[in-house]
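2 protein chains.
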Amino acid sequence: MSDDPRSFWAWGLTERLPDAAARRALARRVGAALGVGDLPDIPPPDIDAVSLRPPRVRAPASLAGFVTDAREDRLRHTYGRGWRDILRALQGDFSPAPDLVAYPRDEAEVSAAMAWCAEAGAALVPWGGGTSVVGGVEAEVSPRWAGALALDLRRMARVHDVDVANLTSRIGAGATGPAIDAALARSGHTLRHYPQSYEFSTLGGWIATRAGGHFATGYTRIDDRVQSVRVVSPSGAWETPAVPSSGAGPDPKRLALGSEGALGVITEAVVRVLPRPRWRRSASARFDAMEQAVSAARAVAQSGLLPSNCRVLDPTEAFINRVDDAAGGAALLLGFESADHDPESAMARALEIALAHGGECPRGVLARDDAGDDGSAAAQWRRAFLDGPYLQSALALVGVMADTFETCCAWSAFEALHRDVVSAVSEALAEHCGGGVVSCRFTHVYPDGPAPYYSFIGRYEPSRALAQWAAVKRAASDALRAHGATITHHHAVGRTHRPWYDGERPALFADALRAVKRTLDPAGVMNPGVLLRE
Amino acid sequence: MSDDPRSFWAWGLTERLPDAAARRALARRVGAALGVGDLPDIPPPDIDAVSLRPPRVRAPASLAGFVTDAREDRLRHTYGRGWRDILRALQGDFSPAPDLVAYPRDEAEVSAAMAWCAEAGAALVPWGGGTSVVGGVEAEVSPRWAGALALDLRRMARVHDVDVANLTSRIGAGATGPAIDAALARSGHTLRHYPQSYEFSTLGGWIATRAGGHFATGYTRIDDRVQSVRVVSPSGAWETPAVPSSGAGPDPKRLALGSEGALGVITEAVVRVLPRPRWRRSASARFDAMEQAVSAARAVAQSGLLPSNCRVLDPTEAFINRVDDAAGGAALLLGFESADHDPESAMARALEIALAHGGECPRGVLARDDAGDDGSAAAQWRRAFLDGPYLQSALALVGVMADTFETCCAWSAFEALHRDVVSAVSEALAEHCGGGVVSCRFTHVYPDGPAPYYSFIGRYEPSRALAQWAAVKRAASDALRAHGATITHHHAVGRTHRPWYDGERPALFADALRAVKRTLDPAGVMNPGVLLRE
C-alpha cells in the first residue's frame, strides 16, 4: 500500500497539502485574521523517521493471505482524522498503532480474523475510510489485550447491482462515496449522501456511525437510506430482511446502525438510491441577526416543505466560507432538488418564509438543471465544505488548532445553549490558547430543533497541544450536556465522546447494550472501549 | 367499569352493533354478494351467561388501591379484537381471562405491580386500548405461570403540555387517539396518526406495536413521531434523551418501538405534533387493470412528492368501499395536505403521473380548506375505513368470517407475491369455507416497495370456526414468507404471527433480544410468549 496517494498523517491527498510557500501565505493570512503575530512554520513529518513498536502479536499462517504486519500498513491504520489524530501524527507519535492489518476479501476471512483475535486475545478494530474524528478507529485499548488488529474493508467494496425498479443497490461496506456514486451514475442514479468525509469514507463506516448526509431535512442520515444490512459478528453472520418496511418487533437494522464496530463488522448493505436530480433551485437570504435566521430556519423546518438545503450560517461562518451574499450578516441557504419536477413553488414558498422573518435576498432564486456550479452561495459553501478538512491539516502546520463539534437540541433550547457554548469555548480558548474564534452553522434542521455545528480555532503550543485541545473540547462537551443537548448529532461516539455519552445514554439501555455485546461478541474483541467501557 | 359503552366481545361501541333487523338485512346483502344461500342469525353473547374460572392468584393488600379481580374487568381484558378474539368471545369462551386487572395511576404503581408479578410468578400483560389483532394482549401463557395480570394504562393518559415552539407534546401512554387530538386541537395542533383502531387504541400501544398511521408516504409509522419515550421495566425506569435527533450509538428509542410489552411498559412519550392542515387536495384515478394502478403508485412513490395519501384499491376493494369513481376498475387515491401552503402543484404533478400510467380522472382535483367531507373518493374511503372493524363484528353474527392481513415487499416482488397470496387464500377459502372473496389495497407506499393489505371473507361453521380461520391464516402467512415479504407491516407480531416472525427475524438478533429481555425483565414476567418463545 506504499503507493497510497493519501497522506499518512493528515487529511486527504498528500499532493493537496501546502508546500513551504503556501504555508507561509497561510500563516500570514490566518495570523492577520486571528490578530496575532507571527505564526510558526512546522514541517510535515517524514514517514521514514517515525518510530514504531515491533508487533506484539504475529498472525498465523492461516491468515497470511490477507494479514500483514508491514510498517506502512500499521502506520496508516493508527489514527482517524480528528484534530487529536492529526496532531499526534504530525508530532511523530504513532504509539497506538495496531500490530496487524487485515484486508479480508470475503466474509470467511472476516470471520477467520475474528476467531483468531478471540483466541490470541487481540482487539479487532474495524476500518472503513479511516476518517473518524472521535477516536473510533484507534486501537487505544487496555493493556489486557495481547495486541490489536485493524480490519480494513477496502477489498469488500463491490457495487453488486442497481435494482432500477426498486431504486435499491447492494453494496460492499468498503465502498467509498465516490466509488459508489461512480457505479450508480452508470444507470443515472446516485446515493446523494455527502458527509464532509465523502471522498474517503465508506458505506460501512456511515452505517456504523449513523453518518449525516446531504439533505438538511427529511432523510438526514444514512439510517433512512439503508433497506437492509449484513453484519459478521464473532457469534456468526446475520442479515436483516430486505423489505422496504416492517412492523415485526424492534427493527433489527437499528442494532447495526450506530454500532461503531463494537458488535460486529458491517460487510454489506442494500441501500436506497435516487435518480440523479434534474432540477435544482436555491436561494440565500441575509439577516442582520443570527436570531432572525434561526427563526426563519425554524419556520421552514416546520413548513413541511422539506428542502434539501436549509443551513444557517452565523456571520463568522458566512465570512469564512466566503458566502458573499451575507455581507457581514447571518445567512440562510435554501435549496430544493428533484429528478421528477421543478421544485419552483416549494422554493418560492420557502423564500417567502425567509423574507417574512426579516431576510433579504437581492439575487432571488437561482435555478440550474445539471450538476454544474451556478456560482450560488450554496455552491460557494459546498466548495468550502469539502476543503474544510484539508484546511484543518494545513493549519496544524502553522501552529493553529482547528476543530469542530456538533449537537442537536430543541428550537427553544438553542438560544441559551448557543450563548453558553460560545462563552465556554471562548473562555477556554482565551485561557489555554491566548484567544481564538468560534463560529456556528446548522447542518440539519428538524421540525423540533436544529443540529448546530461549531468550529473553533486558536493557536497551539506544540509542547502542550493535546492538553490545550482537551481543555477546549471538555468545555464544549460539558456545555452541551449541561443543556441536555446530545454529545453528537453525526460525528459518533468513538472513544473521544464516551464519557459524555455515558451520561446521556439511559443506564438501563447501556445494560441492554452490554448484554447484546456479550451475545454477539462473547470475547469482547470488537473495538473495545467504543460505546461501552472496557 | 360496568358503565363501559364498549362491547365486551365485539369491536367498538355496543350501540353500534346491529339489532335483529339489521342482522337480517346484512345477511341478505352479504349472502347475495357471496352468492351463497341463507346466512344464519347468531345472537350476540350475554355477558351474564359467560362462565369464568375463579382467579388463580389474589393481589396483596398493597396493590388493593388499583388492582381488581372483578368479573367484568377480567372479561373485558381477555381478548384483543382480532377475528379469533371476536369469535371466541362470541361463543362465550373467555378461558384465557387474566386473574387480575391493574389500573395504575403512576409509575410507582406500575413498578409495584411488576414486582408483585415477579414474586408471585404471575405474567403481566400490558394493556392499552385492547385493540390488538395479533393476540398481543391475551394472557395465553404457559402453565408455569401461577396466574396473569392485565395492566391497563387508561389512568396514565394525560396530555401534559403542547410545546408550540418545538411542535412537541408529552403524553401519557394510555391516551387514546381522540383524547390526544382533542387536547392538541385546543392550540390548533394534531398528531395526525390514524390507525384503523384510532377510536380506542392508545399512544403506548402504537409505540409498542410500531403502528402505521395516516400518511401513505414519508412519516408512515408512529416511529417517526416519537421524539423520546419512557419505559418502566422490572429492572427500573428509563427515558430516552428528548432531542430531535442524535448520532450517539444505536438509538435507544428503537428498543421501545416494537417491544410489544415484552421488555417493559411504555408510560409516556414526547411526540411530534403538527399544525392542523389548512389545505387539502385530492384526486382519484381509475385504471382498467390493477397492474396499471400499481405502476402509477410506484412512480408517485419514487417521485419525491410525498403525498399524504397514495392508496391503490383493487377492483373488489374499490367496489366494497364504495369508491364510485372506480366503476369496476382499480383506483389510485391521491392526496396532499399542508398547514403552510396550498399543495396545488404537487397534486397536479402526481395526477399527471397517474394519467401517464393509464389512469382516468374525470372529476379532476378536489380541494377543500377545512376538515369537512368533500364527497371525494378519499372521504368515501375514510368512512368505510373506520367502519371496517364494526362490519367485521357484525359479520360474525351472520356466520361470515372476515379478516385482514398485511405485508410489505419490493415493487418488483409484488406481482408474483400477489398472485400466490390470492391463490393460496382463495384455495384455502374454497377448501375450508366453501368459497370466499379476497381483495387487496396498498395502505402505504415506499420508494422501494408497497405495503399491500388483504381482506378476505367466507362463511364459517360455528363448530369449527377457529380451525377454518387458522387454515386460511396459515395459507396467507406461508405465502408471504415464501416470497420473503414481511409477516406484518403494521399489525405487529403478538402471539399470532410469532411462528412466521421466528423465521423472518435473523437468529442472532433473536439471541440479542433474548439477552436484552433477561437484562430488563430478569423474571420474564413481561408479556411472555410475545416476540420471544417462552
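Each protein sequence line maps, in turn, to chains D and A.
1 is the number of the first residue of the first sequence in my numbering; add one for each residue after it.
1001 is the number of the first residue of the second sequence in my numbering; add one for each residue after it.
The C-beta atom is built at its ideal place from N, Cα and C for all residues, glycine as well.
For clarity, every value in this text was computed on a predicted model and none was experimentally measured.
Secondary structure at W279/D: strand, using DSSP grouped into helix, strand and coil. D1478/A and W1500/A have their C-alpha atoms some 8 Å from each other.
Here I1042/A carries a coil assignment [DSSP, helix/strand/coil]. For the set A471/D, P447/D, R459/D, D521/D, the Cα lying nearest the Cα of Y219/D is the one of P447/D. Taking C-beta atoms under 8 Å as the contact rule, R311/D and A216/D qualify, at a distance of about 6 Å. Listed by position along chain A, the residues whose Cβ is nearer than 9 Å to that of Y501/D are A1248, G1249.
Ranked by Cα distance from S1197/A, the options V1400/A, G1012/A, A1331/A are led by G1012/A. Each residue's CA atom was taken as its position, placing E1107/A and G1177/A some 22 Å apart. By the CB criterion at 8 Å, A1269/A and S1228/A fall inside the cutoff. When Cβ-Cβ separations below 8 Å define contact, H1214/A makes no contact with chain D. The three-state reading of DSSP puts R29/D in helix, counting H, G and I together.
Assignment of A330/D by DSSP, reduced to helix, strand and coil, places it in the strand class. Only those residues of the stretch 473-497 of chain D whose C-beta falls short of 9 Å from the nearest C-beta of chain A are listed: G484, A485, T486, I487, T488, H489, H490, H491, A492, V493, H497. The C-beta of L52/D has fewer than 16 other C-beta atoms within 10 Å across all chains shown, which makes the residue exposed. For W206/D, no CB of chain A lies under 8 Å from its own CB, so it is not counted at the interface with that chain.
At a beta-carbon threshold of 7 Å, the residues of chain D lying near Q1302/A are L167, ordered along the chain. If the five residues before and after A1242/A are omitted, its C-beta is found closer than 7 Å to the C-beta atoms of Q1227, S1228, V1270, all from its own chain and listed in chain order. At a cut-off of 8 Å between beta carbons, T14/D makes no contact with chain A. Against chain D, a Cβ distance below 8 Å from W1238/A picks out P506, A507, L508, F509.
Every beta strand (DSSP E) stretch that sits fully inside the stretch 437-501 of chain D and reaches 3 residues is listed by chain position as 449-459. When DSSP reads this structure, H189/D sits in a beta bridge with P275/D. Listed along the chain, the chain D residues whose CB falls inside 9 Å of the CB of D1340/A are A299, Q302, S303, G304, L305, R349, I353. The beta-bridge partner set that DSSP reports for N309/D consists of G335/D. For the 8 Å CB-CB criterion, R1481/A and G1399/A do not form a contact. Look at the stretch 1409-1423 of chain A: the residues with a C-beta under 7 Å from a C-beta of chain D are C1409, A1410, W1411, S1412. Using a Cβ distance threshold of 8 Å, L90/D and A396/D count as a contacting pair. Interface residue (Cβ-Cβ distance to chain A less than 8 Å): D448/D is classified as such. Within the stretch 1440-1472 of chain A, the residues whose Cβ lies closer than 9 Å to any Cβ of chain D are, in chain order, H1444, V1445, Y1446, P1447, D1448, G1449, P1450, A1451. Around the Cβ of A25/D, a 10 Å sphere holds fewer than 16 other Cβ atoms; the residue is exposed.
Here G328/D has P315 as same chain residues with Cβ atoms under 7 Å from its own Cβ, once five neighbours each way along the sequence are excluded. The secondary-structure analysis by DSSP pairs R1006/A across a beta bridge with L1013/A.
Taking C-beta separations shorter than 7 Å and ignoring five residues to either side along the sequence, the partners of P40/D in its chain run V398, G399, following chain order.
Rounded to whole angstroms, C117/D and A384/D show a C-alpha spacing of 42 Å. Restricting attention to A318/D, N321/D, S338/D, A297/D, the CA atom closest to the CA of L355/D is found in A297/D. Judged by DSSP secondary structure, F1215/A falls outside any beta strand (DSSP E); it is assigned neither H nor E.
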